[in-house]
Amino acid sequence: MQTFVIHWFRRDLRLTDNTALLAAAATGHSVLPVFILDEAIYKGRFASGSRLAFMLKALRSLDEQLKVYGSRLLVKLGEPGGILHQLVAEAGASAVYANADYTPYAHRRDHTIKSGLGVPLHLFDDVALLPPGAVLKGDGKPFVVFTPFKKAWLNIPKGPVQSAPALGAFVKLDSLPMVDGWGTVPSPQELGFAPTVDLPEASEVEATRRLDEFINGRAAAYATGRNVLAAERQDDTRPESSFLSPYLRFGMLSPRQAYQAARAAYPAANSTHARESLETWVSELVWRDFYMHILHFFPQVLKSSFRPEYDRVEWRQFPAEFQRWKEGMTGYPVVDAAMRQLRAMGWMPNRARMIVASFLTKDLLIDWREGERHFMQWLIDGDPAANNGGWQWSAGTGTDAQPYFRIFNPVSQGENFDPDGRYVRRWVPELAQVPDKFIHQPWAMPAPPANYPPPMVNHGEARTRTLSAFKAVKG
DNA sequence: TCCCACTTAGC
DNA sequence: CTAAGTGGG
Numbered sequence: 011m012q013t014f015v016i017h018w019f020r021r022d023l024r025l026t027d028n029t030a031l032l033a034a035a036a037t038g039h040s041v042l043p044v045f046i047l048d049e050a051i052y053k054g055r056f057a058s059g060s061r062l063a064f065m066l067k068a069l070r071s072l073d074e075q076l077k078v079y080g081s082r083l084l085v086k087l088g089e090p091g092g093i094l095h096q097l098v099a100e101a102g103a104s105a106v107y108a109n110a111d112y113t114p115y116a117h118r119r120d121h122t123i124k125s126g127l128g129v130p131l132h133l134f135d136d137v138a139l140l141p142p143g144a145v146l147k148g149d150g151k152p153f154v155v156f157t158p159f160k161k162a163w164l165n166i167p168k169g170p171v172q173s174a175p176a177l178g179a180f181v182k183l184d185s186l187p188m189v190d191g192w193g194t195v196p197s198p199q200e201l202g203f204a205p206t207v208d209l210p211e212a213s214e215v216e217a218t219r220r221l222d223e224f225i226n227g228r229a230a231a232y233a234t235g236r237n238v239l240a241a242e243r244q245d246d247t248r249p250e251s252s253f254l255s256p257y258l259r260f261g262m263l264s265p266r267q268a269y270q271a272a273r274a275a276y277p278a279a280n281s282t283h284a285r286e287s288l289e290t291w292v293s294e295l296v297w298r299d300f301y302m303h304i305l306h307f308f309p310q311v312l313k314s315s316f317r318p319e320y321d322r323v324e325w326r327q328f329p330a331e332f333q334r335w336k337e338g339m340t341g342y343p344v345v346d347a348a349m350r351q352l353r354a355m356g357w358m359p360n361r362a363r364m365i366v367a368s369f370l371t372k373d374l375l376i377d378w379r380e381g382e383r384h385f386m387q388w389l390i391d392g393d394p395a396a397n398n399g400g401w402q403w404s405a406g407t408g409t410d411a412q413p414y415f416r417i418f419n420p421v422s423q424g425e426n427f428d429p430d431g432r433y434v435r436r437w438v439p440e441l442a443q444v445p446d447k448f449i450h451q452p453w454a455m456p457a458p459p460a461n462y463p464p465p466m467v468n469h470g471e472a473r474t475r476t477l478s479a480f481k482a483v484k485g
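Under the numbering used here, the first residue of the first sequence is numbered 11, with each subsequent residue one higher.
Right, here's the structure in full:
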């Protein structure tokens with residue numbers, strides 16, 4: 011008689027280099043591949059139509075991949091504990107395998123399921139290169155500053171990339187006739203969303219292709235290219251940055267694959283800039299681990315500032331101003347371009363994220379948590395740990411010792427990182443005819459475009475206002 | 001992963 | 001007048 015184990019896919023939507031999946035396959039039992047659409051994914055504060063649509067696309071791809079194995083993805087809608095319990099009974103499964111996630115919600119969910127499942131829930135570290143707890147200070151406490159964390163991180167060996175399970179690993183469709191839900195991935199509409207973003211391909215094959223293309227091409231110029239806001243071509247949504255965050259978010263690519271590809275490319279990198287570029291890119295993977303580690307050890311950051319004194323900042327509550335920021339109608343071209351790109355693509359390059367985050371928190375003096383939520387509602391790569399870390403970094407309330415006076419000038423940021431205005435013209439068509447000289451400050455033109463708003467705040471005055479608001483609460 | 005005011009050197 | 005460098009928020 012055939013016996014089964016369940017692999018519960020969560021944010022590891024791939025077959026290659028999947029730690030828990032390989033462990034499940036190594037039991038010698040047939041693996042039943044399951045994804046559960048938990049209400050928590052599509053309801054609640056951080057729910058996102060664009061990210062949901064991207065994820066559903068990835069689930070369809072995963073289902074297609076599993077057909078090659080003579081199987082399908084079993085998709086269930088509902089509460090994970092109850093569903094797993096029922097599946098274990100129906101299939102006679104002897105264990106459930108999954109890769110651990112480190113958000114407070116995931117910890118709670120898995121802990122509850124573990125105690126009530128009746129069979130073991132085996133959790134594996136896979137989502138981070140080095141999981142929370144693997145990088146600690148000499149005294150056993152967690153790092154709270156990035157640079158020493160990174161230094162320690164670099165000295166710890168990382169695992170190799172593993173292959174996909176053998177062809178016979180998965181349950182054959184006809185062996186579990188009582189179970190239904192094979193390959194029935196719902197549409198975003200069925201879950202109450204009508205997403206409008208222009209989504210990229212979402213599959214393991216596409217993720218690997220993008221990684222190869224990046225490592226063999228733009229990676230060599232990443233150290234500077236990552237800051238270039240505009241895509242190479244006007245009609246091209248492919249940016250200078252790697253554009254791998256959406257794939258890492260849902261595990262169509264593993265961080266090990268990303269890291270080992272960079273390491274493998276390093277010996278052939280034939281210039282200082284090329285080597286620095288690969289190091290910078292690896293550094294981004296370290297940031298990813300760092301913020302997972304911060305969220306694991308300090309889950310309160312989702313509610314409060316990492317430095318509690320900054321929760322006394324008197325954030326301004328001006329919904330109409332927040333609305334203008336969200337719509338990309340602030341009057342600062344680079345800010346507006348970025349905010350409109352977010353709504354069109356569900357994605358922005360990191361430089362753009364920093365610019366708009368600085369503008370919301372420092373120029374408008376609106377609470378970083380408002381911005382954090384808006385990003386989570388739109389970003390296809392939106393991840394609670396990284397997004398929270400990024401926002402607290404920008405607001406100056408976070409882990410790094412950088413002072414609160416990190417205030418970006420939206421004009422000089424535009425001039426530095428979109429010197430020819432291509433990014434602004436791509437996303438703010440009202441400014442298409444503005445000459446380069448004025449593209450980042452159209453209000454200085456003799457006759458500014460009538461259909462584009464004047465700047466909603468004076469940057470110099472806003473800067474002063476923010477410096478005093480922060481000074482007032484500084485310990 | 002910054003900005004700004006200020007200084008100095010050079011024309 | 002600009003460029004380059006510096007100190008400090």
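Note that CB positions come from ideal geometry on N, CA and C, so glycine has one too.
Residue i to residue j, Cα distance in whole Å?
i: residue 475; j: residue 468; result: 11 Å
i: residue 433; j: residue 149; result: 47 Å
i: residue 112; j: residue 120; result: 10 Å
i: residue 158; j: residue 422; result: 31 Å
i: residue 27; j: residue 473; result: 48 Å
i: residue 332; j: residue 376; result: 7 Å
i: residue 350; j: residue 253; result: 18 Å
i: residue 104; j: residue 327; result: 53 Å
i: residue 352; j: residue 435; result: 15 Å
i: residue 172; j: residue 165; result: 21 Å
i: residue 410; j: residue 316; result: 10 Å
i: residue 370; j: residue 355; result: 20 Å
i: residue 228; j: residue 341; result: 32 Å
i: residue 110; j: residue 400; result: 22 Å
i: residue 188; j: residue 96; result: 12 Å
i: residue 202; j: residue 257; result: 24 Å
i: residue 124; j: residue 86; result: 19 Å
i: residue 102; j: residue 291; result: 45 Å
i: residue 337; j: residue 386; result: 15 Å
i: residue 17; j: residue 200; result: 25 Å
i: residue 64; j: residue 93; result: 23 Å
i: residue 209; j: residue 161; result: 36 Å
i: residue 420; j: residue 429; result: 13 Å
Answer with buried or exposed for residue i, where buried requires no fewer than 16 other C-beta atoms within 10 angstroms of its C-beta.
i: residue 55; result: exposed
i: residue 82; result: buried
i: residue 278; result: exposed
i: residue 363; result: buried
i: residue 274; result: exposed
i: residue 453; result: exposed
i: residue 407; result: buried
i: residue 24; result: buried
i: residue 215; result: exposed
i: residue 184; result: exposed
i: residue 118; result: exposed
i: residue 446; result: exposed
i: residue 59; result: buried
i: residue 302; result: buried
i: residue 455; result: exposed
What three-state label does DSSP hand residue i in the structure shown?
i: residue 23; result: coil
i: residue 450; result: coil
i: residue 156; result: helix
i: residue 325; result: coil
i: residue 300; result: helix
i: residue 14; result: strand
i: residue 305; result: helix
i: residue 374; result: coil
i: residue 84; result: strand
i: residue 261; result: coil
i: residue 59; result: helix
My guess is that residue i and residue j are in contact by the Cβ rule of under 8 Å, so how many angstroms apart are they, rounded?
i: residue 438; j: residue 343; result: 6 Å
i: residue 267; j: residue 221; result: 6 Å
i: residue 50; j: residue 107; result: Not really, about 21 Å apart at Cβ, beyond 8 Å.
i: residue 176; j: residue 33; result: Not confirmed; about 14 Å, so no contact.
i: residue 163; j: residue 299; result: 7 Å
i: residue 233; j: residue 281; result: Residue 233 to residue 281, Cβ: 11 Å. No contact.
i: residue 225; j: residue 272; result: 7 Å
i: residue 367; j: residue 314; result: Incorrect: roughly 18 Å between the Cβ atoms, too far for contact.
The ligand MG heavy atoms versus the CB of residue i: any closer than 6 Å?
i: residue 420; result: Judged by which ligands are present, the structure shown has none, so any question about the ligand MG falls away.
**OP:** Mind listing, in chain order, the continuous alpha helix (DSSP H) runs of no fewer than 4 residues lying wholly within the segment 388-470?
**Re:** 394-405, 420-427, 432-437
Original post:
Which full runs of the alpha helix (DSSP H) of 4+ residues lie inside the segment 22-54, going along the chain?
Top reply: 29-36, 49-52
Subject >> beta strand (DSSP E) runs contained entirely in the segment 86-159, provided each spans 3 or more residues >> reply: 103-109, 131-134
Original post:
What are the complete alpha helix (DSSP H) segments, minimum 4 residues, inside the segment 152-223?
Top reply: 156-164
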